[in-house]
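Presented below is the structure to which this report refers.
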Amino acid sequence: MIRTVGFFREQASSWGIEREHSIHDLVRATGEADEEAVVQYLVSGADIFSEMGAELDILSTDAFPIAGGASLKTDGTWVWRLDLPHYVATYHVALPEDFLQTIRSRAYVVPQLDDEALFAVLEEVTGMDYRQIHSPNRRACECASRS
333 MIRTVGFFRE QASSWGIERE HSIHDLVRAT GEADEEAVVQ YLVSGADIFS EMGAELDILS
393 TDAFPIAGGA SLKTDGTWVW RLDLPHYVAT YHVALPEDFL QTIRSRAYVV PQLDDEALFA
453 VLEEVTGMDY RQIHSPNRRA CECASRS
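Numbering (this note's numbering), first residue to last: 333 to 479.
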């Protein structure tokens, strides 16, 4: 079962992913001792869905734009938004302890995932099977049918 992290009430709802926490409740004065390594892990997650546009920093009165902030990343066990590393690095947003344990147990290295694993994660999170949409055979068939 895929777990989600970093989807906050203050953000627009996406994919029907539950947004159980307010980001305001998770902001801290200082971060974890290994916060830099945790942020790098988040940045290094595998991209599974890219969103165009920019998201506003929901904690900044300057409304700092974060390009592609609603895009999705994964490590095969957890899924988070692309803007989560920004909130952890800038505001020391607390992450669930079981997520931190996963990151630390992997020595801060996101595992390599093949395409099938990435599609499976995306399907579980969004409820849509993107294999059919992005199938190379489908594209070949569409091109052949136009001839």
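All C-beta atoms in this analysis are idealised placements derived from N, C-alpha and C, irrespective of residue type, glycine included. Computed from a prediction, not measured in an experiment: that's the story for all the values here.
| task | Tell me whether threonine 406 is buried or exposed, calling it buried when 16 or more other Cβ atoms sit within 10 Å of its Cβ. | result | Buried, since its Cβ has 16 or more Cβ neighbours within 10 Å.
| field | Nearest-angstrom Cβ-Cβ length linking aspartate 415 and isoleucine 435, presumed shorter than 8 Å | value | At roughly 18 Å, the Cβ-Cβ gap does not stay under 8 Å, so aspartate 415 and isoleucine 435 are not in contact.
| Nearest to valine 420 (by Cα), restricted to the options His356, Glu352, Ile334 | Its Cα nearest to that of valine 420, the residue His356 stands out among His356, Glu352, Ile334.
| message | Taking DSSP's pairing of strands, which residues face aspartate 379 in a bridge? | response | Its beta-bridge partners are Lys405.
| task | State the beta-bridge partners of isoleucine 398 as determined by DSSP. | result | Glu387.
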